[in-house]
Structure formats: structure tokens, C-alpha cells
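Engineer: Residue numbers for the sequence shown follow this note's numbering, so the first one is 6 and each next one is one higher. Backbone N, C-alpha and C fix where the C-beta goes; we use that ideal spot for every residue, glycine too.
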Amino acid sequence: MSCDKPQNLEQYRRYLRVLADMQLNPRFRSKEDVSDVVQTTLLRAYQDLDGFRGSSEVELRAWLKTILTHTLINLVNKYQAQKRDIRLERSIDQQLHESALRIIGELPAKQTSPSQHLIRQERAEQLAEAMGSLLEAECTAVMLKHVHGWKVSDIAVHLGRSPEAVAGLLRRGLKKLRNKLNTAEHHGGR
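The following block contains the structure:
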């Protein structure tokens, strides 16, 4: 992979959108759009492309995820009236992993080995890629239900659909996710 071409970053827009969608608290959604968060992340990545020291796609994704995390921290700080909480920086990255793993039902134990941590991280990456392949309404419904804990009736109001239609979106979205993740697992990752 050639990471020295800026146009290569554009292919990660959906991936970053899924990660940002998992993390952007619903109370901030009225103030900031997920697309704006992703755009800011990509802009910062383009501006600092010379600062990228990796050589693989995995390293590039990790670098972009770090920039996204900092963008989200800045967003939270922008809207919080209270003093900056240093725990927030650790918790956003932790929440990103936990929200991804919550969808696939693999919330980790507190004590894990480095290899288990890498496996979980890879699964979270696969989930983010799989989420990016869903229809937008399916992705939104799955995020709101399984990441943010919304009720189906609230999702229905938010999406302007019936609860039955939302249940269908959830069912189809989760089925697609399972299929994508099982396919990725059988093919040794990406």
C-alpha cells in the first residue's frame, strides 16, 4: 500500500464515519453532524500526512483512529462547561472498543493478555468495516439500539419510520453484520 498519496485517505471515510457514529453521544448530534466530525478528521489527516510514519494499512487505520479520537475529545471539550477531565481521553478510546464489541456480544474481561487485546482490536476493526457496508438506515438503527441503548420506539421517531420497520432494519442489519463477520473470520481477517 502506498500511504504517500493523499487521495488514499478518502477510501477510509465510511470506516471513520462508523467509528464516529459509535462514539458521538446523541446529545451532541444536535450540535455536530457525524459527517462534519469525519471531515475534520480527514482534513487533519491530510494536513499531517507527512507525520504518518507507518507503512501498512493497519498502521494507517490506527493513525486515522487516533486523529478521530482527538477530534471527538476536542468536540466534547468544546461543548462541556466543566473543566477538562483527563479520564475522558482514555475513556473515549475505551468506549469505542466497548461499543464495537457490545454489538457482537464480546465485551472483554478486565484482565486480558496482549494477544487477546489484539484479537479484540481486530474484531472491532472488522465490525467497523462491516458496519460501513450496511445501508445508512440499518447502520443508524443498529448504532442507536446497540451502541447508544435507544428503545425501538425512540429510533422509529428519530428515523420517521414505524417500530415494525425499525425492527426490520435491526434484523436485516444484524444479519448482514453476522454474515460479514463470519466471512471475515473464515478468511482470516480482511
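At 4 residues or longer, what runs of the alpha helix (DSSP H) sit wholly inside the stretch 13-47?
Structural biologist: For the stretch 13-47, whole alpha helix (DSSP H) runs of length 4 or above, ordered along the chain, are 18-28, 31-34.
Engineer: Three-state secondary structure (DSSP) at glycine 173?
Structural biologist: Note: glycine 173 maps to helix in three-state DSSP.
Engineer: To the nearest angstrom, how far is it from the Cα of arginine 177 to the Cα of serine 61?
Structural biologist: The straight-line gap from Cα to Cα measures roughly 33 Å.
Engineer: Quick one: grab the DSSP three-state call for arginine 128.
Structural biologist: Helix, per DSSP.
Engineer: Is the separation between the beta-carbon of valine 42 and that of threonine 74 shorter than 7 Å?
Structural biologist: Contact flag unset, no.
Engineer: Of all the CB atoms in chain E, is at least one closer than 7 Å to the CB of lysine 181?
Structural biologist: Annotation note: the requested chain E is absent from the structure, which comprises a single protein chain.
Engineer: Which residues mark the beginning and the end of the alpha helix (DSSP H) in which serine 60 is found?
Structural biologist: Where serine 60 is concerned, there is no enclosing alpha helix (DSSP H), given that its DSSP letter is neither H nor E.
Engineer: Based on Cα-Cα distance, which residue from Val39, Glu127, Gln28, Val81 lies nearest to glutamate 64?
Structural biologist: The candidate whose alpha carbon is nearest that of glutamate 64 is Glu127.
Engineer: Rounding to the nearest angstrom, what Cα-Cα distance links valine 162 and glutamine 28 in this structure?
Structural biologist: Looking at the two C-alpha atoms, the distance is approximately 21 Å.
Engineer: Could you spell out where the alpha helix (DSSP H) holding histidine 163 opens and where it closes?
Structural biologist: That run of the alpha helix (DSSP H) goes 157-164.
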